[in-house]
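Encoded as structure tokens, the structure appears first; notes follow it.
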Amino acid sequence: MWSDTFKTVEQGLEQGPLCWVEVLDSRGSVPRERGAWMAVFADRTVGTIGGGHLEFDALDQARGFLRDGAVQGPQQEPPAMRQHRYPLGPSLGQCCGGVVVLGFRFVPQGRMDLLRERLQPPRDCVALFGAGHVGHALVRLLCQLPYRVVWVDSRDEVFPEAPHELVQCEYSDPVQSAVADLPAGAQVLIMSFSHAEDLEVVAQCLRRQREQADLPYVGLIGSATKWATFRRRLRERGFSDQELDHVTCPIGVPGIRGKEPEVIAVAVAAQLLQRRSAFLVQNQGNL
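Under our numbering, think of the first position of the sequence shown as 1064, with each following residue one higher.
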């Protein structure tokens, strides 16, 4: 999603100016969070700030800003960002009842440099061990979400010929040796073609967690029976119950039935998003 969106905005800006609309602040119940944006061109938009009537009014404001910028003609520095405060109930008749502050900035044709800070690739990393049917379905989904992916398998031929720009394919044999090189903070998902490989990857993740404590999530595909067997074997290798409790198995949000790869992928991605949302809420004052 990120790379496709970036290219769409860049290509549009090569042909003409845009108005960048961004949620600068919000209070109460609102359609989108702070930082949500849309790029408004004369004939199309990219992105969304949500909210129905809110977005409709913002589009009208942005197009007016585009006309003003065109009248001013070429200039070295674009005009400063304008701000507009929207009480959603009183001004727009929306039942949300919150308040949104939008920023409007004119970006001249060709000035992509003014947007690169805002169009950064996602920072959150998912390390996926296994390129089977579920792995492929999950990677296709994660590429549409705010994640970059390190995709590891001991079979080099199983990766797509042209992976997405946010996907880094890694051939590793033995597969568990790749754990040492994962970026700090990576969320690990283990679903290789072999239970023996799965066990070794889990063990290596727990060793790294013991030494560095920088893998916040280690998820293993499988049943409760599989995890009971793994847990016994890992305990025999010297891992404590507290260490083993760091592993999530089965993975995926509960209540989603079905064993099709796409169904499993949706459940697993939803669990990752739940964790991400909880982290953002917990740390919103520090972000």
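Just so it is clear, CB atoms sit at the ideal spot from N, CA and C, and this is done for glycine as well.
Bear in mind that the values here come from a model prediction, so they are computed numbers and not experimental data.
Spatially closest choice to residue i from the options, by CA coordinates
| i | options | result |
| --- | --- | --- |
| V1316 | L1307, R1273, G1301, L1336 | L1336 |
| V1265 | T1311, D1236, L1229 | T1311 |
| R1168 | A1143, V1189, D1176 | A1143 |
| A1333 | E1263, Y1210, P1226, E1220 | Y1210 |
| L1262 | R1179, P1184, Y1280, A1291 | A1291 |
| S1092 | R1294, D1304, Y1149 | Y1149 |
| A1247 | R1174, E1228, C1268, F1302 | C1268 |
| R1097 | V1162, Q1275, S1303, F1222 | V1162 |
| K1070 | D1277, F1119, G1173, K1322 | G1173 |
| L1208 | V1170, S1340, S1089, E1274 | S1340 |
| S1303 | L1278, R1270, K1289 | R1270 |
| G1282 | T1288, M1254, A1276, K1289 | M1254 |
| L1278 | R1090, V1189, F1342, L1343 | V1189 |
| V1202 | I1327, R1338, T1068 | I1327 |
| S1257 | E1233, P1223, F1293 | F1293 |
| T1068 | P1223, R1126, G1132, M1175 | M1175 |
Whether residue i touches residue j by CB criterion (8 angstroms)
| i | j | result |
| --- | --- | --- |
| W1100 | E1077 | no |
| L1252 | V1213 | no |
| Q1146 | L1087 | yes |
| Y1217 | D1187 | Going by the sequence as given, residue 1217 is Ser instead of Tyr. No, they are not a contact pair. |
| V1215 | A1243 | no |
| L1182 | V1072 | yes |
| Y1280 | Q1250 | yes |
| V1331 | I1314 | yes |
| G1113 | R1095 | yes |
| Q1272 | H1227 | no |
| V1238 | E1274 | no |
| P1184 | L1229 | yes |
CB-CB length for residue i against residue j, believed under 8 angstroms
| i | j | result |
| --- | --- | --- |
| M1105 | L1129 | Before going on, a small fix: residue 1105 reads as Ala here, not Met. Right, the Cβ-Cβ distance comes to about 6 angstroms (below 8 angstroms), so this counts as a contact. |
| Q1307 | R1298 | Going by the sequence as given, residue 1307 is Leu instead of Gln. The pair is a contact, with the Cβ atoms about 7 angstroms apart (cut-off 8 angstroms). |
| A1200 | E1325 | 5 angstroms |
| V1197 | I1284 | 7 angstroms |
| A1121 | L1165 | 6 angstroms |
| L1117 | L1151 | 7 angstroms |
| L1204 | W1083 | Not a contact, Cβ separation roughly 28 angstroms. |
Bridge-paired residues (DSSP) for residue i
| i | result |
| --- | --- |
| Q1188 | Before going on, a small fix: residue 1188 reads as Cys here, not Gln. Beta-bridge pairing links C1188 to R1211. |
| R1090 | V1162 |
| D1216 | Y1234 |
| A1102 | W1083, V1109 |
| H1170 | What sits at residue 1170 in the sequence shown is Val, not His. DSSP lists L1081 as partners of V1170. |
| Q1334 | Answer is none; Q1334 lacks a bridge partner. |
| R1148 | V1164 |
Residue i at chain D interface by Cβ criterion, 8 angstroms
| i | result |
| --- | --- |
| A1333 | Here chain D cannot be found, since the structure has a single protein chain. |
Quiz item: Could you give the uninterrupted runs of the beta strand (DSSP E) lying entirely in the region 1245–1311, keeping only those of 3 residues or more?
Solution: 1250–1253, 1280–1283
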